[in-house]
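Visitor: Protein chains in written order, with my numbering: chain A, 4 to 278; chain Z, 71 to 1039.
A virtual CB, placed ideally from N, CA and C, is assigned to each residue, including glycine.
Keep in mind it's a predicted model, so treat the numbers as computed, not measured.
Dumping the structure here so I can ask a few things about it.
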């Protein structure tokens, strides 16, 4: 398979994945060739991970989030596709996990990383039940920080929605948290609208140190609870109708939202480094 | 052997399940509970040793970062501790917990074998002194629902074999069970219907008896069951399609009208009269289909799932959503769901516990369960829930209403289906179990306090992930053209689905080929089971190979269970033995037409007598906190309303994302600018005065919400959902006839055809001989087109200095208003609809919005002008000043409260930027529309009365807090 021309994105899905279409749309709009592939196809060897530059794990409720969110998918990735994933990472390719995808990355040990196939310690952090005890869909302000391919040139804060019941980030111990900070792995943190320290619901789940998204030490693997693909278009903004009333008509037609740059960064990186 | 695993949060990790339970216990009025811990229990059966079981714990079941676990193979000795109560809740045998199957899969993924069965349970450790009566109350009201769960009495129960159902003997090929029917007396026939839970009336039983007398044989049990399902009110709509003798009494004068088929004379007639070219497929399929663009059509269906939700709110609402989604999957050759709508009616959440009818669940619990059920299914399927409403009235105490709707998109030319002779009958998706037996017939009778015992089989728990898998695979098979027709397995199960698909060609089914959840089901149970997540398709034999490949690639089960042979007969076999042989024509057209009596006379209500208060601020505060008007944010937040990325106008508006939007606007195809607007109209209060105007107002409300967000009248389609009491009672039926007439008249006047509808009767609760009937309730759902979604308008005030207009006239119509209700009155003039005037308003306003002249718009509904302006202000974080004297008014009152709180239809409040004043006024010059005020930077609203008196003044933050508070529990 030729990988010469366009960045190729593998949007992986399984039973219960449900944000694959809009995630694929976002990458396509940024100029990628996107395949939405069922896990089963990888297991059967009909599709190979190595033929892609970006692996995207979209949101949803893989296997119903039965037992715990993302758990079964994480095991499949780790146990059945561990070697492929390790090779993918070694080849300096990119991975993004959104919402359920983030939960999968954390529970398989790919994040915070570094990922080692066959390692005994699997998880060094988790995403657990929201403090509210509820699934909630709401828009949140995120402070952008850290060293990550996916967040290059993003504004200091962005506005995108969360929709989850298990998004509270908890590291297994202090050392893991210190590592995240030292390596610049904390990429997105919840903040209040004015940029100050958030309380509920600005921090929608009670996440430790308001963490909303992290990357691995290389900055090439990103996981986050909020959904950048749901603020890809300007008209997905929850109050776009009141932003620059006069000009917004034009912007509404052509404009992109805060999340678009995340996908564009991934594609730009592939074009620059992997094509 | 059996391993028991108990999983608990580590010390210092917040146990949100336990905290939720503690909160619910407090709601019961029990304050002595200090803490609740929830423990997740897994039971694994199989030939595995401790290291393997431990690996399963560490790699699958336990999140070691935050949880501890105990793994044991024998009952632990629990010595009772003072002040600590422990309750373990497990599912009843036969109730499927999807977690069990996922766990088995997860174990398999780890490369481990030996585990043959998994069960789950939850143990609650409750700290605090409780009397045994209090503990029972907590069990019964908070921890479990005995319809699907039980409290484990003996710790040793954990270690008894799990797979009980599998141990039941497999039935050898039986003779079909014959039911003695021929020659039975009327009384014996009625008794037979009752004993068999057939819910057929004497007339119908006689017709069936005659049919079999003609065949000179007794019916088999499965034949009787099939007829009962097919002829049930639920499937056959006997009331709406039957004859009605409708008598109207006015004073001493009575007139009687004979209505042959109410549905055809009202709802369908309007659609036929209008004959819109964009109506693609109406009334005959699972959903109504209308044109969307050059490539796609959209379809819409709304259903109710009332009876099951009354007994088991979570499961009932859960499977209600699952069911209506399957209707969309089964429309044409299968549509893709793009959004859900949900409307509920409950008794007030502060209903006194000691006033509850026996056997009824408390409305707060019903509401929590229903909302969770809807949330679970919609969110997991990845379908955004974008629109809804919640109404409160204490007469819903025994019969909550749960309306679930789904919109789908389907490529053009795929809207029609036709089974071909010799196609294979294929059932796919979930397996068949004993769940949901008698659901269709059960919903065709009244509920009683015994319903939870008698009909427990009729309730079930859904598995949304299974349905998502079915959705994914079906669309693939559809696009390759692998099947010729499809329908869902809903009420009546295979009986109804296969019966419908084979209505012309006949069907032959080998029941032993149906995949089962467990052994032990008999042939009749297989046939009528209402197990969820199943679809039935007709597949030409030549496509079977490819069909198999696609299904295997998506991990979805299917089975060929028979053929459509072209005999016109329904023939059922079990292991080669003939169990049923019925004429399809008799099944579908044999129902005797019945004539029911309907009476109507206008009820008399006391006319309100009180002075208009000089300061109306306290009344606005009171009305904003009315359960029917207050914020539904606590519910809507729990629904994913943005998945799929299509939302343009969301349920929440304004800079704080908490203002109440009118219709929702959605972009079904990412990358294009054409949209749809989805809305609903419902106001059971109006029915207390006249169901005709209740229906007319519901149509108007649904339509004006679409206009408010930027839709127009050129293509709006309506759906009707009637929920009524017992239609055999003439006074109940009289109201229904009036409502149906209201639907017809308004649909014709507005040029908005009905494309689909549904009815639910017998919403009465019999408590110790007393019958509580719900208020006759009609929900109108609407779908309209938005030519360019980037022109959409929201309801939040945008800019200080904006000009406020009221469009549409106010009349002296405060009958059945929220305002009068706050004084305990109903009476007065109910809002009517004046279609000619309204049409002009809608057309002008649509044009002004399309030209970009309107910066915000909100419809006036419950709470009238006062509430509409307050909502716009606090949604936008801006104030407003308003002169009642300037409001277009066609009444005769000199009361400020009449102008503020009248609920006249077809009105809007709109904001116009000062530079657009001239153009806007020109656009609306032919309709009642006046400049009434201005948007203020101050965060306060000021309403000036008819005599320029300041009659209402309030801080918008105070109003908002008041409006948000009531349902935030």
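Report back the beta-carbon spacing between residue 562 of chain Z and residue 472 of chain Z to the nearest angstrom; my notes put them in contact at under 8 angstroms.
Guide: One-based indexing of the second chain puts residue 562 of chain Z at position 492. One-based indexing of the second chain puts residue 472 of chain Z at position 402. In fact, because the Cβ distance is near 19 angstroms, the residues do not count as touching under 8 angstroms.
Visitor: Using CA atoms only, rank isn't needed, just tell me which of Z/463, Z/714, Z/900 and Z/274 is closest to residue 768 of chain Z.
Guide: Start at 1 with the first residue of the second chain, and residue 768 of chain Z comes out as number 698. Residue Z/900 is the option with its Cα nearest to residue 768 of chain Z.
Visitor: Is the beta carbon of residue 971 of chain Z less than 9 angstroms from the beta carbon of residue 689 of chain Z?
Guide: If you number the second chain from 1, residue 971 of chain Z lands on position 901. If you number the second chain from 1, residue 689 of chain Z lands on position 619. Yes, these two residues count as a Cβ contact at 9 angstroms.
Visitor: Output yes or no for whether 9 angstroms exceeds the beta carbon distance between residue 108 of chain A and residue 52 of chain A.
Guide: Within the first chain, the letter at position 105 stands for residue 108 of chain A. Within the first chain, the letter at position 49 stands for residue 52 of chain A. No, the Cβ-Cβ distance between residue 108 of chain A and residue 52 of chain A is not below 9 angstroms.
Visitor: For a contact meaning CB atoms closer than 8 angstroms, what does residue 727 of chain Z contact in chain A?
Guide: Locating residue 727 of chain Z in the second chain gives position 657, counting from the first residue. Within 8 angstroms Cβ-Cβ: 141, 142, 241 and 242.
Visitor: Is it true that the CB of residue 337 of chain Z sits closer than 9 angstroms to the CB of residue 348 of chain Z?
Guide: Start at 1 with the first residue of the second chain, and residue 348 of chain Z comes out as number 278. Start at 1 with the first residue of the second chain, and residue 337 of chain Z comes out as number 267. No. Outside cutoff.
Visitor: Could you name each continuous beta strand (DSSP E) segment of 3 residues or more that falls completely within the segment 131 to 191 of chain Z, going from the start of the chain to the end?
Guide: Correct list: 137 to 142 and 154 to 161.
Visitor: Rounded to a whole number of angstroms, what is the C-alpha to C-alpha distance between residue 462 of chain Z and residue 700 of chain Z?
Guide: In the second chain, residue 462 of chain Z corresponds to position 392, counting from 1. In the second chain, residue 700 of chain Z corresponds to position 630, counting from 1. Whole-angstrom Cα-Cα distance: 11 angstroms.
Visitor: Going straight from the alpha carbon of residue 264 of chain A to that of residue 63 of chain A, what length do you get?
Guide: As a first step, residue 264 of chain A is located in the first chain; it is residue number 261 there, counting from the start. As a first step, residue 63 of chain A is located in the first chain; it is residue number 60 there, counting from the start. Spanning the two alpha carbons is a distance of roughly 22 angstroms.
Visitor: For residue 1005 of chain Z, which option in Z/963, Z/1029, Z/925 and Z/1036 has the closest C-alpha, if you only look at C-alpha atoms?
Guide: For this step, residue 1005 of chain Z is matched to residue 935 along the second chain. The candidate whose alpha carbon is nearest that of residue 1005 of chain Z is Z/925.
Visitor: Can you give me the start and stop residues for the beta strand (DSSP E) that residue 218 of chain A sits inside?
Guide: On the first chain, position 215 is the one that residue 218 of chain A refers to. Note, residue 218 of chain A: beta strand (DSSP E), 214 to 218.
Visitor: Pull out every residue of the segment 858 to 878 of chain Z whose Cβ sits closer than 8 angstroms to any Cβ of chain A, in chain order.
Guide: Taking 8 angstroms as the Cβ-Cβ cut-off against chain A, the residues of the segment 858 to 878 of chain Z that qualify are 859, 860, 861, 862, 863, 864, 866, 868 and 869.
Visitor: Could you compute how far the alpha carbon of residue 522 of chain Z sits from the alpha carbon of residue 381 of chain Z?
Guide: For the purposes of this step, residue 522 of chain Z is identified with residue 452 of the second chain, where counting begins at 1. For the purposes of this step, residue 381 of chain Z is identified with residue 311 of the second chain, where counting begins at 1. Unreliable placement is indicated for residue 522 of chain Z, whose pLDDT of 45 sits below 50; no coordinate value is reported for it.
Visitor: Given a cut-off of 9 angstroms on the beta-carbon distance, is the pair residue 167 of chain Z and residue 535 of chain Z in contact?
Guide: Here residue 167 of chain Z refers to the residue found at position 97 of the second chain. Here residue 535 of chain Z refers to the residue found at position 465 of the second chain. The answer is no: Cβ separation not under 9 angstroms.
Visitor: Given residue 156 of chain Z, which residues of its chain have a CB within under 6 angstroms of its CB, disregarding the five upstream and five downstream residues?
Guide: For the purposes of this step, residue 156 of chain Z is taken as the residue at position 86 of the second chain. 195.
Visitor: Would you mind stating whether residue 213 of chain Z and residue 169 of chain Z have Cβ atoms separated by less than 9 angstroms?
Guide: Within the second chain, residue 213 of chain Z is the residue found at index 143, counting from 1. Within the second chain, residue 169 of chain Z is the residue found at index 99, counting from 1. Not in contact: residue 213 of chain Z and residue 169 of chain Z (Cβ atoms no closer than 9 angstroms).
Visitor: Would residue 2 of chain A pass as an interface residue toward chain Z - the criterion being a Cβ-Cβ separation below 9 angstroms?
Guide: A query on residue 2 of chain A cannot be resolved here, the shown segment of chain A reaching from 4 to 278 and no further.
Visitor: DSSP puts residue 692 of chain Z in a beta bridge; with which residues?
Guide: Residue numbering aside, residue 692 of chain Z sits at position 622 when the second chain is read from its first letter. The partner list for residue 692 of chain Z (beta bridge, DSSP) is empty, contrary to what the question assumes.
Visitor: Check the Cβ-Cβ distances between residue 802 of chain Z and every residue of chain A, and say whether any is below 9 angstroms.
Guide: For the purposes of this step, residue 802 of chain Z is taken as the residue at position 732 of the second chain. No, residue 802 of chain Z lies away from the interface with chain A (no Cβ there is under 9 angstroms from its Cβ).
Visitor: Rounded to the nearest angstrom, what separates residue 165 of chain Z and residue 547 of chain Z at their Cα positions?
Guide: Locating residue 165 of chain Z in the second chain gives position 95, where the first residue counts as 1. Locating residue 547 of chain Z in the second chain gives position 477, where the first residue counts as 1. Near 31 angstroms, if we compare the C-alpha coordinates of residue 547 of chain Z and residue 165 of chain Z.
Visitor: Per the DSSP calculation, residue 73 of chain Z is bridged to which residue(s)?
Guide: If you number the second chain from 1, residue 73 of chain Z lands on position 3. According to DSSP, which records beta bridges pairwise, residue 73 of chain Z is partnered with Z/114.
Visitor: Which parts of the segment 920 to 952 of chain Z are runs of the beta strand (DSSP E), unbroken and 3 residues or longer, counting only runs that do not cross its ends?
Guide: You should have 926 to 929.
Visitor: Can you pull the chain A residues whose beta carbon is under 7 angstroms from the beta carbon of residue 379 of chain Z, in chain order?
Guide: As a working mapping, residue 379 of chain Z is identified with position 309 in the second chain. Residues of chain A passing the Cβ test: none, with the nearest at roughly 20 angstroms.
Visitor: Within this structure, are the beta carbons of residue 931 of chain Z and residue 940 of chain Z separated by less than 9 angstroms?
Guide: Looking up residue 931 of chain Z in the second chain gives position 861. Looking up residue 940 of chain Z in the second chain gives position 870. Result no, Cβ atoms of residue 931 of chain Z and residue 940 of chain Z do not sit closer than 9 angstroms.
Visitor: Measure from the alpha carbon of residue 656 of chain Z to the alpha carbon of each residue in Z/281, Z/110 and Z/102, then state which is nearest.
Guide: Indexing the second chain from 1 puts residue 656 of chain Z at position 586. The option with the nearest alpha carbon to residue 656 of chain Z is Z/281.
Visitor: With DSSP as the reference, label residue 810 of chain Z as helix, strand or coil.
Guide: The residue given as residue 810 of chain Z occupies position 740 in the second chain. Correct three-state label for residue 810 of chain Z: helix.
Visitor: Should residue 150 of chain Z be labelled buried (16 or more other beta-carbon atoms within 10 Å of its own) or exposed?
Guide: Within the second chain, residue 150 of chain Z is the residue found at index 80, counting from 1. Looking at its Cβ environment, which holds fewer than 16 other Cβ atoms inside 10 Å, residue 150 of chain Z is exposed.
Visitor: Beta-carbon within less than 8 angstroms of residue 308 of chain Z's beta-carbon, same chain only, minus the 5 sequence neighbours each way: which residues are those?
Guide: Residue 308 of chain Z sits at position 238 when you count from the first residue of the second chain. 301, 661 and 664, listed in sequence order.
Visitor: Which stretch, first to last residue, makes up the beta strand (DSSP E) that contains residue 275 of chain Z?
Guide: Position 205 of the second chain, counted from the first residue, corresponds to residue 275 of chain Z. Counting along the chain, residue 275 of chain Z falls outside any beta strand (DSSP E), though it belongs to the alpha helix (DSSP H) covering 272 to 285.
Visitor: Does any CB atom of chain A fall closer than 9 angstroms to the CB of residue 115 of chain Z?
Guide: Sequence index remark: in the second chain, residue 115 of chain Z carries index 45 (1-based). Residue 115 of chain Z does not count as touching chain A.
Visitor: Enumerate in chain order the residues of its own chain whose CB-to-CB distance from residue 861 of chain Z is below 8 angstroms, with the five nearest sequence positions on each side excluded.
Guide: Numbered from its first residue, the second chain carries residue 861 of chain Z at position 791. So the qualifying residues of the chain are 780, 919, 920 and 922.
Visitor: Select from A/233, A/209 and A/49 the residue whose C-alpha is nearest the C-alpha of residue 133 of chain A.
Guide: Counting from 1 along the first chain, the entry for residue 133 of chain A is found at position 130. For residue 133 of chain A, the nearest C-alpha among the options comes from A/209.
Visitor: Tell me the DSSP secondary structure of residue 127 of chain Z in three-state form.
Guide: As a working note, residue 127 of chain Z is residue 57 in the second chain. Correct three-state label for residue 127 of chain Z: helix.
Visitor: Any contact between the segment 477 to 488 of chain Z and the segment 401 to 411 of chain Z? By contact I mean 3 or more CB pairs, one from each, below 8 angstroms.
Guide: Verdict: yes, contact present.
Visitor: Name the residues in the segment 173 to 205 of chain A whose C-beta lies less than 7 angstroms from a C-beta of chain Z; which are they?
Guide: Residues passing the 7 angstroms Cβ filter: 173 and 175.
Visitor: Could you check how far apart the C-beta atoms of residue 409 of chain Z and residue 456 of chain Z are, in whole angstroms? I think they sit under 8 angstroms.
Guide: Indexing the second chain from 1 puts residue 409 of chain Z at position 339. Indexing the second chain from 1 puts residue 456 of chain Z at position 386. Correct: roughly 5 angstroms between the Cβ atoms.
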